[in-house]
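Chemist:
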Amino acid sequence: MPAGSTDGARGIDDVVRRLRAIAAGLPPTDGVAVFNRMYLTVTEGVRTGLGGFADPAAVAELDVLFAGRYLLAVDAVAAGRRPPACWRPLFELRADPEVHPLQFALAGMNAHIQHDLPLAVVDTCRRLGREPEQLEDDYHRINGLLAAVETAVREQLMPGPDVLERLEPMTHRIGAWSVGTAREAAWGSVRLLWGLRGRPSAARACATALDGAVGLLGRALLLPLGLRDPAVETSGVGTPAVGTVGAPVVGAPAVGMRPAGTPVAGLLPVARSRPATDGTRAGR
Numbered sequence: 005m006p007a008g009s010t011d012g013a014r015g016i017d018d019v020v021r022r023l024r025a026i027a028a029g030l031p032p033t034d035g036v037a038v039f040n041r042m043y044l045t046v047t048e049g050v051r052t053g054l055g056g057f058a059d060p061a062a063v064a065e066l067d068v069l070f071a072g073r074y075l076l077a078v079d080a081v082a083a084g085r086r087p088p089a090c091w092r093p094l095f096e097l098r099a100d101p102e103v104h105p106l107q108f109a110l111a112g113m114n115a116h117i118q119h120d121l122p123l124a125v126v127d128t129c130r131r132l133g134r135e136p137e138q139l140e141d142d143y144h145r146i147n148g149l150l151a152a153v154e155t156a157v158r159e160q161l162m163p164g165p166d167v168l169e170r171l172e173p174m175t176h177r178i179g180a181w182s183v184g185t186a187r188e189a190a191w192g193s194v195r196l197l198w199g200l201r202g203r204p205s206a207a208r209a210c211a212t213a214l215d216g217a218v219g220l221l222g223r224a225l226l227l228p229l230g231l232r233d234p235a236v237e238t239s240g241v242g243t244p245a246v247g248t249v250g251a252p253v254v255g256a257p258a259v260g261m262r263p264a265g266t267p268v269a270g271l272l273p274v275a276r277s278r279p280a281t282d283g284t285r286a287g288r
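Residue 5 is where the sequence shown starts when you use our numbering, and the numbers rise one by one after that.
1) Would you kindly check if the distance between the Cβ of TRP198 and the Cβ of VAL81 is under 7 angstroms?
2) Count Cβ pairs between the region 144-158 and the region 205-220 that sit closer than 8 angstroms; are there 3 or more?
3) Are the region 96-107 and the region 123-139 touching, with three or more C-beta to C-beta distances below 8 angstroms?
4) On the premise that ALA190 lies in contact with PRO122, defined as a C-beta separation below 8 angstroms, what is that separation, rounded to the nearest angstrom?
5) Count the C-beta pairs between the region 154-163 and the region 82-92 that are closer than 8 angstroms, then say yes if the count reaches three, no if not.
6) Determine the contact status of LEU226 and PRO32, defining contact as a CB-CB distance below 7 angstroms.
7) Considering just the uninterrupted stretch of the alpha helix (DSSP H) at ARG195, what are its terminal residues?
8) Please report how far the alpha carbon of GLY49 lies from the alpha carbon of LEU110, in whole angstroms.
9) Just the C-alpha distance for ALA27 and ILE117, rounded to the nearest angstrom, thanks.
10) Determine the extent of the alpha helix (DSSP H) in which GLU137 is found, giving its start and end residues.
11) Can the beta-carbon of ARG134 be found closer than 7 angstroms to that of GLY35?
12) Would you identify the three-state DSSP class for PHE108, choosing helix, strand or coil?
13) Does the distance from the C-beta atom of LEU23 to that of LEU44 stay below 7 angstroms?
14) On the criterion of 16 or more Cβ atoms from any shown chain inside 10 Å, does SER205 qualify as buried, or is it exposed?
15) I think ARG51 touches VAL78, with their Cβ atoms under 8 angstroms apart; what is that distance to the nearest whole Å?
16) Between which two residues does the alpha helix (DSSP H) containing CYS129 stretch?
17) I need the straight-line Cα distance from PHE39 to ASP142, nearest angstrom please.
18) Around the C-beta of ALA58, are 16 or more other C-beta atoms found within 10 angstroms, so that it is buried, or is it exposed?
19) Give me the residue from GLY15, ARG195 and CYS210 with the minimum Cα distance to LEU66.
20) Am I right that TRP91 and ALA71 are in contact with their C-beta atoms under 8 angstroms? What's the rounded C-beta distance?
21) Taking all protein chains shown into account, decide if ASP17 is buried (16 or more other Cβ within 10 angstroms of its Cβ) or exposed.
22) Go through its chain and collect everything with a Cβ distance to VAL183's Cβ below 6 angstroms, but skip five positions before and after it.
23) Please name the residue in LEU139, ALA37 and ASP120 whose C-alpha comes closest to that of ALA64.
24) Confirm, please, whether the CB-CB distance from HIS119 to LEU214 is below 7 angstroms.
25) In chain order, what residues of the same chain lie with their CB nearer than 7 angstroms to the CB of CYS210, ignoring the 5 residues before and after it?
26) Considering only C-alpha positions, which residue in the set MET42, GLY29, ALA25 and LEU30 is nearest to GLN160?
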């Protein structure tokens, strides 16, 4: 392995430990937990396959810097501060029972890929003295892993046929979003930000605009569907409260959401999942 890759792998180990700690502190139905568990799967996959990349040191550095932006958002919310605009929809709506778990997963992917990823690539190039083109092949190799995880998430979290017909707005909304398209857009942002590296004020303005635009898309992905869990409606508890930005992340209760049942791949209760009909299962 090239010099530095061992330290990078150690850094990924730290990221995995942190993601596991976040998962342990959240109920499975929490919107942040849905994204976090999926992201943990991706990070473990990158760590396992690190030696197969052309530049393992750069991939490890990128993975750590990439994860760091999500973890900073987690820490900001836990401390009562506002996270970046791209992350606000997920943290604000994390406990809304009218938002489906699949929406949470895709909204988190949207924020992390379309905003955090290009900034992390630029930071990696600066730290390691690389040009973006030197990372491009490895960048696209990760697409296969992400596409597989996205497919698994859609299969596991798509509701059963008994409620699917009621979710037509969601199927149209999320059907237009994909990891591949998001990562291609992110690479375009990398080129733009890298081209502005000698103009700090312009680069900051571009990053701020990107943050806001990605946040708007995330909010669209999380538009409530108007569905309520009958268990909540008949419990006498009242209208479930929507999560707030200032709510602690690790250990934060999913207010008004029903207790987790038996999870499918640890992502959501079986009652909200669609049973597999072809025998295929996503690797986790």
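All C-beta atoms, glycine included, are put in the ideal place defined by N, C-alpha and C.
Modeler: If we stick to the structure as given:
1) No. Outside cutoff.
2) No: fewer than three Cβ pairs fall under 8 angstroms.
3) No, the region 96-107 is not in contact with the region 123-139.
4) Confirmed, Cβ separation roughly 5 angstroms.
5) Three or more beta-carbon pairs separated by less than 8 angstroms are not found between the region 154-163 and the region 82-92, which leaves the two stretches without contact.
6) In this structure, PRO32 does not lie closer than 7 angstroms to LEU226 by Cβ.
7) Secondary structure note for ARG195: its alpha helix (DSSP H) is the uninterrupted segment 183-199.
8) Roughly 19 angstroms between the two C-alpha positions.
9) Distance between the alpha carbons of ALA27 and ILE117 is about 20 angstroms.
10) Its alpha helix (DSSP H) spans residues 136-161.
11) When the beta-carbon positions are compared, ARG134 and GLY35 stay at least 7 angstroms from each other.
12) In this structure, PHE108 counts as helix in the three-state DSSP scheme.
13) If you check the CB distance, LEU23 and LEU44 come in under 7 angstroms.
14) Its Cβ having fewer than 16 others within 10 Å, SER205 is exposed.
15) Incorrect: roughly 20 angstroms between the Cβ atoms, too far for contact.
16) Note, CYS129: alpha helix (DSSP H), 121-132.
17) Near 23 angstroms, if we compare the C-alpha coordinates of ASP142 and PHE39.
18) Under this definition ALA58 is an exposed residue.
19) Per the Cα distances, GLY15.
20) So it is not a contact: roughly 13 angstroms between Cβ atoms.
21) ASP17 should be labelled exposed.
22) Scanning its chain for C-beta atoms nearer than 6 angstroms, with the 5 sequence neighbours on each side dropped, one finds around VAL183 the residues LEU150, ALA151 and GLU154, in chain order.
23) The residue with the shortest Cα to Cα distance from ALA64 is LEU139.
24) Contact: yes.
25) Around CYS210: LEU196, LEU197 and LEU200.
26) Check the Cα spacing between GLN160 and each of MET42, GLY29, ALA25 and LEU30: the tightest is with MET42.
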